[in-house]
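In terms of full-length UniProt numbering, the sequence shown is residues 1 to 282. Note that beta-carbon positions come from the ideal geometry of N, C-alpha and C, so glycine has one too. All values reported here derive from a predicted model rather than from experimental measurement.
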Amino acid sequence: MIIFINVCSSGLKDQDKIATLEAESFINDHHRHGYKFKFVSQDSRSAEKKTDPCEVVLGITLEETECHIVNPKPLDQCETRKETQTKVTAKCNVTVSSVEGKAAVKRYICDTEPASHEILVTKCPDCPGLLPLHDPKGLESVKTALQKFNKESDHKSYFKLMEVGRISTQWMFSGQSFFSQFAIMETNCTNKEAPQNEESCKASCGDQARYGFCKSTKVGIEEPEVECEIYEAKNRTHPMKRPAQFPCNGFAKIPPTIYPICPLRPILLSRGPPNFVRPTGN
């Protein structure tokens, strides 16, 4: 990612705009979990002028969109979440380095937070509230929904869970309801053989990889409803290179309700369903 501007020049709004959009693109390219984020505003700017190199730190705000990272849809076509869906906001400090008029994102760190549930309840008491991504009942609804998708799917391949994106809940007259969103990945098993030998099914990789994104609803004890979009392998605009792994650099709250935007080079954590965060050090 190279932009030909002098980022350390002050008072040049066009240069800052280019830099912030490059930061948005860079962060999304390195965001390995959850949803794409869209630039909302530039909040601060500080620069340390040197002969070579020059660095500027931009404070920017991003908002989570409804497009999961496996979705090949261009970012400008992705809608940010409505307030009733529990908005997720990321406050990021992005360092852009400039050498001889060439600028590139050097590092970033983001504080990713969902909107306050207490405020949401006052504005919309009937809106579903977010649950931790490893909520047992929520995960069971995901498991059942994925089983139903594979059973009723016209696809020859068997799909496995890649990650859970969101789980929300709401109480109704018929009982507790779960609304889940999750990403899936194609395996080397067929739908017929997978149920008997699921553990041996390996995720497809590289150019052969097909991903999907599902939304499910489970009301009380009723059978869940599920809808999945499957993205063909030729749509390789998303950054997921190794679907069998869940790399995430950074620290997430435990239990998490959202995926944080991870820093570029921090402590390494391993992540994977159903326990999504496992620190490797003290």
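Checklist entry - glutamate 118: buried (16+ other C-beta within 10 angstroms of its C-beta) or exposed? => result To locate residue 118, count along the sequence shown from 1; it is residue 118. It is exposed - the Cβ of glutamate 118 has fewer than 16 other Cβ atoms within 10 Å.
Item to check | Per DSSP, cross-strand counterpart(s) of glutamine 147 | outcome: In the sequence shown, the residue the question calls residue 147 occupies position 147. DSSP lists no partner for glutamine 147.
Checklist entry - So is phenylalanine 182 buried or exposed if we call it buried at 16+ other beta carbons inside 10 Å? => result Along the sequence shown, read from residue 1 onward, the residue named residue 182 stands at position 182. So phenylalanine 182 ends up on the buried side.
Next on the checklist: Using only the alpha-carbon positions, how far apart do glutamate 66 and glutamine 85 sit?
Outcome noted: Taking the sequence shown and counting its residues from 1, one reaches residue 66 at position 66. Taking the sequence shown and counting its residues from 1, one reaches residue 85 at position 85. The alpha-carbon atoms of glutamate 66 and glutamine 85 are separated by roughly 10 angstroms.
Next on the checklist: If you reduce the DSSP assignment to three classes, tell me which class histidine 117 lands in.
Outcome noted: For the purposes of this step, residue 117 is taken as residue 117 along the sequence shown, with counting starting at 1. The answer is helix: DSSP assigns histidine 117 an H, G or I state.
Checklist entry - With a CB to CB cut of under 6 angstroms and the five nearest residues on each side skipped, what residues in its chain are close to valine 135? => result As a first step, residue 135 must be located in the sequence shown, where it is residue number 135. The sequence as given places aspartate at residue 135; valine does not occur at that position. Here the set comprises Ile167.
Checklist entry - Quick one: Cα of proline 132 to Cα of phenylalanine 178, how far? => result In the sequence shown, residue 132 corresponds to position 132, counting from 1. In the sequence shown, residue 178 corresponds to position 178, counting from 1. Computed Cα separation, rounded: 12 angstroms.
Next on the checklist: Does histidine 238 pass the burial test, meaning 16 or more other C-beta atoms within 10 Å, or should it be called exposed?
Outcome noted: Along the sequence shown, one-based indexing puts residue 238 at 238. Summary for histidine 238: the model assigns pLDDT 46, below 50, so the residue's position carries little reliability; its value from the coordinates is reported in the next sentence. Buried is the call here.
Checklist entry - In or out: isoleucine 221 buried (at least 16 other Cβ within 10 Å) or exposed? => result By one-based count along the sequence shown, residue 221 stands at place 221. Around the beta carbon of isoleucine 221, a 10 Å sphere encloses fewer than 16 other beta carbons of the protein chains shown; the residue is thus reported as exposed.
Checklist entry - Can you name the residues that DSSP bridges to glycine 129? => result In the sequence shown, counting from the first residue as 1, residue 129 sits at position 129. Looking at the DSSP assignment, glycine 129 forms a beta bridge with Thr169.
Next on the checklist: Which of the three DSSP states is assigned to asparagine 28 in this structure?
Outcome noted: On the sequence shown, residue 28 is found 28 positions in, with the first residue counted as 1. The answer is helix: DSSP assigns asparagine 28 an H, G or I state.
Checklist entry - Between threonine 187 and alanine 203, which are expected to be in contact by the criterion C-beta below 8 angstroms, what is the C-beta distance as a whole number of angstroms? => result Walking along the sequence shown from the start, residue 187 turns up at place 187. Walking along the sequence shown from the start, residue 203 turns up at place 203. Between alanine 203 and threonine 187 the Cβ distance is about 6 angstroms, and since that is below 8 angstroms, they are a contact.
Next on the checklist: Less than 9 angstroms between the beta carbons of cysteine 78 and isoleucine 261, yes or no?
Outcome noted: One-based indexing of the sequence shown puts residue 78 at position 78. One-based indexing of the sequence shown puts residue 261 at position 261. Going by C-beta atoms, cysteine 78 is not nearer than 9 angstroms to isoleucine 261.
Next on the checklist: Once the 5 residues before and after cysteine 110 are set aside, which same chain residues still bring their CB inside 6 angstroms of it?
Outcome noted: Within the sequence shown, numbered from 1, the residue matching residue 110 stands at position 110. Taken in chain order, the residues that qualify are Ala90, Cys92, Ile261.
Next on the checklist: Short of 7 angstroms in beta carbon distance, which residues of its chain neighbour valine 40, apart from the five on each side in sequence? Order them along the chain.
Outcome noted: The count along the sequence shown starts at 1 and reaches residue 40 at position 40. If we look at valine 40 and ignore the five residues flanking it on each side, its Cβ neighbours are Thr61, Leu62, Glu63.
Checklist entry - Whole-angstrom Cβ separation of arginine 45 and aspartate 16, contact assumed at under 8 angstroms? => result Locating residue 45 in the sequence shown gives position 45, counting from the first residue. Locating residue 16 in the sequence shown gives position 16, counting from the first residue. The beta carbons of arginine 45 and aspartate 16 sit about 7 angstroms from each other, so the pair counts as a contact at 8 angstroms.
Checklist entry - How far does the beta strand (DSSP E) with glutamate 66 in it reach, from first residue to last? => result Within the sequence shown, the letter at position 66 stands for residue 66. Per DSSP, the unbroken beta strand (DSSP E) holding glutamate 66 starts and ends at 54-68.
Checklist entry - Looking only at C-alpha atoms, which of His68, His33, Pro125, Ile18 sits nearest to threonine 169? => result Here the question's residue 169 lines up with position 169 in the sequence shown. Comparing Cα-Cα distances from threonine 169 to each of His68, His33, Pro125, Ile18, the minimum goes to Pro125.
Next on the checklist: Buried or exposed for valine 88, going by 16 or more other Cβ atoms inside 10 Å?
Outcome noted: In the sequence shown, residue 88 corresponds to position 88, counting from 1. Label assigned to valine 88: buried.
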